[in-house]
Each structure stands twice: as C-alpha cells, then as structure tokens.
Amino acid sequence: MSWSKGRDPAATGDLAATIGRVLRVMSWNLWWRFGRWWPRQRAIGETLQAVDADVIGLQEVWAEQDGANQAEILADLLGYDAVQTDLRYHEGLAFSNAILSRWPIDAAESRALPGADGRPGHRSVLYAQVRAPFGPLPVFTTHLDWQFDASAVRVAQVAALCEFVAEHRNEPDAGYPAIVTGDFNATPESDEIRSMTGRTAPPVGGLVFTDAWEVGGDGSAGLSWSRCNPHLRDATWPERRLDYVFVSWPRPSPLGTTVRCRLAGQDPIGGVVPSDHFGVVAELRTR
2 MSWSKGRDPA ATGDLAATIG RVLRVMSWNL WWRFGRWWPR QRAIGETLQA
52 VDADVIGLQE VWAEQDGANQ AEILADLLGY DAVQTDLRYH EGLAFSNAIL
102 SRWPIDAAES RALPGADGRP GHRSVLYAQV RAPFGPLPVF TTHLDWQFDA
152 SAVRVAQVAA LCEFVAEHRN EPDAGYPAIV TGDFNATPES DEIRSMTGRT
202 APPVGGLVFT DAWEVGGDGS AGLSWSRCNP HLRDATWPER RLDYVFVSWP
252 RPSPLGTTVR CRLAGQDPIG GVVPSDHFGV VAELRTR
C-alpha cells in the first residue's frame, strides 16, 4: 500500500475553520493515462483545487514503477494525506484506487474484490480512517467491473464491499457513518445498486446506504458518464449515472444527511476536459 503525508490542519490553524461546516466528499474516476493524459493532469489538479473537497475517492489512478505517482502528485498539490491500494505494475505502470484527505489518515487497508471466477481479482476496495475534527471518519473507495453483462460479478463485488465496510465502520448508533465512493459501473436501478440501497435484500443485514445524489441532487439526472463529454464521442452506451457517494445506515441522525450533491469536472481547462467521467461532489452534515 502506498502512503503519502500532507499537512496536519491542527498544526496549521485550519482546524478551527473546519469545525461545524459540512463535510464535502468527492468521487472521481480519473481515466488513468488514456487520451491526452498529461494535459488532463493539469485539468484534474485545477478541478480538485476548485472543488476543495475534504475527502476524495479516486479511481483509475496511475503510478510509474520507477517514477511519478498520480496520487502523490495530487496530494502534494492540495497539501493532503493520501493512501492507495497495493500497486501492481504491468509494463512499468500501475492502475489503482486512492483516497486523499484534508485531515490526517490514521489507518488504511485494501482488499481485492472477487472476479468472474469468484476468486480475488484485480478490482479492489480501499479504506481509510480519517482523523476529522468531528471524530473518526471511515472512508472507502472502489471501482467495479465495467462490462455490460457483468452484473452478477458486480453483485458479488458489492457483497464483498459491504462485508468490508461492516468490519471498519463506526458503531452505527454512535459514530459518523461510513462514506463509500466509487465508480460502480452500474445504474441506480441495477441489482447491485438496489442491494446497497435496500430496494432488495442487502448483502449484510443491518447495513444499507443512502445514495447522496438521490437525496440531494441538483435537479439534473446526475449523468457522470455523458455524451456531453467529448471523450465519449464513440461510447457505446453513454447517458448513465455510474459514480456515487453513499452514506451508511443506520446512523445517528442527522450525521451524514446529504445537504446537496452535484457534478464536477464538466468544463475544459486548457482546452481539455479532465476525464471521461464527471466527478460527484456531496455535502454532508457533520452535526
């Protein structure tokens, strides 16, 4: 697992400014090193600076075996802590998930999710325990299989994800709820998402999730995979909501209640749209 350290807000005077405000969470698939990846890197960084999220779940994060690491570059830019899933290199490059945090990350763990054969595959979920000013904050990010016909695999991956969350979340009736971000490659009416939101039997009894967009969306369809994005000019199936911020339930209300949810990363910077996915930004109550 790769880990980089940013600033401690308690030491820089930022802590007082954060207490009492909403928690801003972002989920974003960065499209690895596809397309014009280096100009996109600048656009990604500037977008993250503008969003100013407190915690960020990232998917398709690249790292060079003997060189630069995208998560570390972005963490340094923002002055954040960062942690990544275990880096497995192919031809000198890795493809991973990462969590960036304004506040210190005190613990982290990643776990492989099952593939089509039921054995641990290349998809994974990453957990970070964030030392937030309002108490320990469990944050997760994941990226599920993408194939149109892989719903059964994603159902199994969601089950493994929920088991992992159940192991690491705070006490449901006391601590801040678990925040799960990710590119699920599944729409809200799919079996895999319905099992998370309680519309069908959940994988883990006593654990379901609120979809932040469903509660606090800005009135649009929230399409994070959209033909409005020039990178999807040749996409087979655009116009889908694939990226999510989830909040676990049960929880001590109103902690984690969605105030609002919106997309980010739609506008070009330096002539390039940052990613083939738009990011999802949710603001959640902290008290």
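In terms of this note's numbering, the sequence shown has 177 at position 176, counting the first letter as 1, and numbering is strictly consecutive.
Glycine residues also receive a C-beta, built at the ideal position from the N, C-alpha and C atoms.
What you are looking at is a predicted structure, and each value in this text was computed from that prediction instead of being measured.
- Under the 8 Å Cβ criterion, the region 32–52 does not count as touching the region 118–135, having fewer than three qualifying pairs.
- Looking at the DSSP output, Asn70 shares a beta bridge with Ala64.
- The beta carbon of Arg41 sits closer than 6 Å to those of Val273, Pro275, all from its chain and outside the five residues before and after it, given in chain order.
- Per DSSP, the unbroken beta strand (DSSP E) holding Val209 starts and ends at 209–212.
- Here the alpha carbon of Asp107 sits roughly 6 Å from the alpha carbon of Val131.
- Nearest C-alpha to Asp146 among Ala64, Val216, Leu243, Pro203: Leu243.
- A check of alpha carbon separations from Phe279 across Arg286, Leu264, Pro269, Arg288 identifies Leu264 as the nearest.
- For Gln71, the number of other beta carbons within 10 angstroms of its own is at least 16, and it is reported as buried.
- By the neighbour-count definition (other C-beta atoms within 10 Å, threshold 16), Ala175 is an exposed residue.
- Across the structure, Pro231 and Val62 are spaced so that their CA atoms are roughly 21 Å apart.
- When only Cα atoms are considered, Asp67 and Gly199 end up about 44 Å apart.
- Contact between Val159 and Ser196 holds: CB atoms are separated by about 6 Å, below the 8 Å threshold.
- Distance from the CA atom of Leu224 to the CA atom of Ala109, rounded to whole angstroms, is 30 Å.
- With 16 or more other Cβ atoms from the protein chains shown falling within 10 Å of its own Cβ, Asp82 counts as buried.
- Beta-bridge pairing by DSSP links Trp238 to no other residue.
- 7 Å or more divides the Cβ of Phe141 from the Cβ of Val205.
- In its chain, beyond the 5 residues on either side, Gln66 have a beta carbon closer than 6 Å to the beta carbon of Tyr90.
- Spatial neighbours of Cys262 in its own chain (CB-CB distance under 6 Å, excluding positions within 5 residues in sequence) are listed in chain order as Ala213, Trp214, Gly217, Gly218, Ala283.
- In the three-state DSSP reduction, Arg288 falls in the coil class, being neither helix nor strand.
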